[in-house]
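Following: one structure in structure tokens, then a few remarks.
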RNA sequence: GCUGCCAUCGUCUAGCGGUUCAGGAUAUCGCCCUCUCAAGGCGGAGAUCACGGGUUCAAAUCCCGUUGGCAGCGCCA
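What follows is the structure, encoded as structure tokens:
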């Protein structure tokens, strides 16, 4: 059996967005599943919008996502390199096939200006006909051509479309789709600049790179009949096509800025894990029989198949992605999370956040907050109070737990008593501390919570946080006593006044 | 306007003629656990399977039409 070869062919005209990643992912999964090859090809034939920066972003994003390509930029194989279309253009690759089509009578020079073509389309549309180029340059005589050239017109090359019959596409996802050739017009394959257009370059390269399966978004489905006609004209066998349904925003419109992040790298900045994004995207447009939700990358590779790709569009749901990210983080060891966190700090230039923080201590605090972490960027927010000298007291927490009429006397008592009793304590283990707190409650005839809560606020400045006694054990006796004393003097001992 | 694609809980989806008064996930609500917040466990609500016709003993599942959404119709990709 022939080796499966698939490709991801982005154009470097902007950031790599969610839809693009999904296309790349499905191709990659398919290649891996079939032990085939995944090719990355940069379609930079848009001379105005293509940028180097954008190419770099795509490469970086692919690397971050670990969607590694077998062939592509940095992994050139003599047979199909180079992988940038503009470089291929330099080599005359497209020109060669354009000439061949011309020689065979499948293409011709067209001297019409964009304005003239626009005019034709408008006219056609006004008559409720499909907006097409009318083919007026199809049969120009040599003299007519010379005349046009003399006028200074630079020709484009148009492909002579088969106007009768239908073109049949046997799509792996959608089944048989038929297109009426009458609706197609003689489209441009080579621009006046000598640069090939998408529909042409794409076919030439897919053929030359021996792509066996073209898996792409269904926004390309109407391009397919044109491409099929080129394959036929060149007597080439077409690859298998599979058009996946698109990913839309929550209002059903095409995914754009107003639906949240548009670039994948934004998700990286937020602290999403590569595997969470991959897992989530795999769920959009593909499913298993048992509707499994959580997959490891390995599992995805093993279970992926084109047959189980759906044909209806899906809406991107940031909430589910967030859940999945938390799920992935929970499944990691503290050591792994720590590594990921450090990586994230570097990537976002936030290393100063943990300046002076003890690494091992940081890991222990992460362990305490492990199942609360949804994004890597949450980590500092969750554990920073362990590291600062002067903790920030949350206003509501102070008001409610320390200073409310109902609780202030008891809080003052609990805190000042604890300062004294802790000073001479030997055993500062969480179990012992919990016993201490419960005993104190019994001693005073109050509820355990009336002891726990003020201590929590005094030691962390907040009402929410890790398990209290584990947190105190980790801080250690000296620091707990210090924080307790600071709190007492700050809120209860200022000239006898409650601030 | 023309053409194509699509149509099951808010969202992602299972379902490929009967075993489904439609299953899972997320979100939401409630209960339990509990020192707080999470996590976890349990449970609830949530889908006249877009609508209308057929086919069939039997349809979410097959066919046709309607409506709606999306996409394409560039010297963009």
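Numbering (the numbering used here), first residue to last: 21 to 519. Backbone N, C-alpha and C define an ideal beta-carbon position, used for all residues, glycine too.
Near residue 472, which residues of its chain fall below 8 Å by C-beta distance, leaving aside the five closest residues on each side in sequence? As a working mapping, residue 472 is identified with position 452 in the first chain. These residues qualify, in order along the chain: 457, 488.
Within its chain, find whatever has a CB closer than 7 Å to the CB of residue 186; leave out the 5 residues flanking it on each side and keep chain order. The residue given as residue 186 occupies position 166 in the first chain. Here the set comprises 198, 199, 200, 201.
Are the stretch 223-242 and the stretch 165-183 in contact at 8 Å, needing three or more beta carbon pairs? no
If you reduce the DSSP assignment to three classes, tell me which class residue 148 lands in. What you label residue 148 is simply residue 128 of the first chain in a count that begins at 1. Note: residue 148 maps to coil in three-state DSSP.
Relative to the alpha-carbon of residue 378, which residue among 102, 166, 407 has its alpha-carbon at the smallest distance? For the purposes of this step, residue 378 is taken as residue 358 along the first chain, with counting starting at 1. With distances taken between Cα atoms, residue 378 lies closest to 407.
For residue 102, I'd like the list of residues in its chain whose CB is within less than 7 Å of its CB, leaving aside the five on either flank, ordered along the chain. Residue 102 sits at position 82 when you count from the first residue of the first chain. Closer than 7 Å at Cβ, skipping near neighbours: 96, 108.
Between which residues of its own chain and residue 71 is the CB-CB distance below 8 Å, once the five residues before and five after are set aside? Here residue 71 corresponds to residue number 51 of the first chain, with the count starting at 1. Hits under 8 Å: 32, 33.
Environment of residue 465 [buried if 16+ CB atoms lie within 10 Å]: On the first chain, residue 465 is found 445 positions in, with the first residue counted as 1. Counting Cβ neighbours within 10 Å, residue 465 comes out exposed, since fewer than 16 surround it.
Please classify residue 182: does DSSP put it in a helix, a strand, or coil? On the first chain, position 162 is the one that residue 182 refers to. Residue 182 falls in the coil class under three-state DSSP.
Which of the three DSSP states, helix, strand or coil, is assigned to residue 358? Taking the first chain and counting its residues from 1, one reaches residue 358 at position 338. If DSSP states are grouped into helix, strand and coil, residue 358 belongs with the helices.
Taking three-plus beta-carbon pairs below 8 Å as touching, is the stretch 279-294 in contact with the stretch 254-263? no
For residue 126, which residues from the same chain have a beta carbon less than 6 Å from its beta carbon, with the 5 sequence-adjacent residues on both sides left out? What you label residue 126 is simply residue 106 of the first chain in a count that begins at 1. Cβ neighbours of residue 126 beyond the five flanking positions: 180, 253.
Name the DSSP bridge partner or partners of residue 233? Against the first chain, residue 233 aligns to sequence position 213. Paired residue(s): 260.
Between the C-alpha atoms of residue 313 and residue 293, what's the straight-line distance to the nearest angstrom? As a working note, residue 313 is residue 293 in the first chain. As a working note, residue 293 is residue 273 in the first chain. Those two C-alpha atoms are separated by around 16 Å.
Nearest to residue 428 (by Cα), restricted to the options 507, 129, 462: Locating residue 428 in the first chain gives position 408, where the first residue counts as 1. Checking every option, the nearest Cα to that of residue 428 belongs to 507.
Distance, residue 359 Cα to residue 386 Cα: Position 366 of the first chain, counting from 1, holds the residue named residue 386. Position 339 of the first chain, counting from 1, holds the residue named residue 359. For residue 386 and residue 359, the distance between alpha carbons rounds to 11 Å.
At 4 residues or longer, what runs of the alpha helix (DSSP H) sit wholly inside the stretch 484-513? Fully contained in the stretch 484-513 are the following alpha helix (DSSP H) runs of length 4 or more, in chain order: 488-495, 497-511.
Note down the Cα distance separating residue 484 from residue 393, rounded to an integer number of angstroms. Against the first chain, residue 484 aligns to sequence position 464. Against the first chain, residue 393 aligns to sequence position 373. Residue 484 and residue 393: Cα-Cα distance of roughly 14 Å.
Using 8 Å for Cβ pairs, my map puts residue 285 next to residue 81. What's the rounded Cβ distance? To locate residue 285, count along the first chain from 1; it is residue 265. To locate residue 81, count along the first chain from 1; it is residue 61. About 6 Å separates the two Cβ atoms, so the contact holds.
Taking a contact to mean a Cβ-Cβ separation below 7 Å, would you say residue 49 touches residue 92 in this structure? As a working mapping, residue 49 is identified with position 29 in the first chain. As a working mapping, residue 92 is identified with position 72 in the first chain. Their beta carbons are not under 7 Å apart, which means residue 49 does not touch residue 92 by this criterion.
Does DSSP put residue 197 in a helix, in a strand, or in coil? Sequence index remark: in the first chain, residue 197 carries index 177 (1-based). Here residue 197 sits in strand by DSSP.
Enclosing beta strand (DSSP E) for residue 329 [first to last residue]: Translated into the one-based positions of the first chain, residue 329 becomes position 309. Neither: residue 329 is in no beta strand (DSSP E) and is coded neither H nor E.
From residue 67 to residue 219, what distance separates their C-alpha atoms? On the first chain, position 47 is the one that residue 67 refers to. On the first chain, position 199 is the one that residue 219 refers to. About 16 Å.
Range of the contiguous beta strand (DSSP E) that encloses residue 57: Translated into positions along the first chain, residue 57 becomes position 37. Looking at the DSSP string, the run of the beta strand (DSSP E) that includes residue 57 is 57-60.
Beta carbon of residue 497, beta carbon of residue 433: below 7 Å? Counting from 1 along the first chain, the entry for residue 497 is found at position 477. Counting from 1 along the first chain, the entry for residue 433 is found at position 413. When the beta-carbon positions are compared, residue 497 and residue 433 stay at least 7 Å from each other.
Would you identify the three-state DSSP class for residue 132, choosing helix, strand or coil? Against the first chain, residue 132 aligns to sequence position 112. Looking at residue 132 - three-state DSSP - the assignment turns out to be coil, as it is neither helix nor strand.
Here's the rule: buried if 16 or more other CB atoms are within 10 angstroms of the residue's CB, otherwise exposed. What is residue 349? Here the question's residue 349 lines up with position 329 in the first chain. So residue 349 ends up on the buried side.
Can you determine whether any heavy atom of the ligand FAD sits closer than 6 Å to the C-beta of residue 181, and answer yes or no? Here there are no bound small molecules, and the ligand FAD is not part of this structure.
Should residue 515 go down as buried or exposed, given a rule of 16 or more other Cβ atoms within 10 Å for buried? Reading the first chain from its first residue, position 495 is the one you call residue 515. Because residue 515 carries a pLDDT of 48, less than 50, the predicted location of this residue cannot be relied on, and no value is offered for it.
Touch check for the stretch 299-308 and the stretch 41-58: three-plus C-beta pairs under 8 Å? yes
When the Cα of residue 208 is compared with those of 170, 28, 153, which residue comes out closest? The residue given as residue 208 occupies position 188 in the first chain. The residue with the shortest Cα to Cα distance from residue 208 is 153.
Judging by CA-CA distance, which residue of 371, 417, 267, 318 is the nearest neighbour of residue 37? The residue you call residue 37 lines up with position 17 of the first chain. The shortest C-alpha separation from residue 37 is found at 267.
What residue range is occupied by the uninterrupted beta strand (DSSP E) comprising residue 209? Numbered from 1 along the first chain, position 189 holds the residue referred to as residue 209. Where residue 209 is concerned, the enclosing beta strand (DSSP E) stretches over 208-210.
Return the chain-ordered list of same chain residues with a C-beta closer than 7 Å to the C-beta of residue 399, the five sequence neighbours on each side being excluded. Taking the first residue of the first chain as 1, we reach residue 399 at position 379. Closer than 7 Å at the Cβ level, and outside the excluded window around residue 399, lie 361, 386, 393.
Which of the three DSSP states, helix, strand or coil, is assigned to residue 412? As a first step, residue 412 must be located in the first chain, where it is residue number 392. If DSSP states are grouped into helix, strand and coil, residue 412 belongs with coil.
Residue 493 vs residue 438 beta-carbon contact at 7 Å: Here residue 493 refers to the residue found at position 473 of the first chain. Here residue 438 refers to the residue found at position 418 of the first chain. Not in contact: residue 493 and residue 438 (Cβ atoms no closer than 7 Å).
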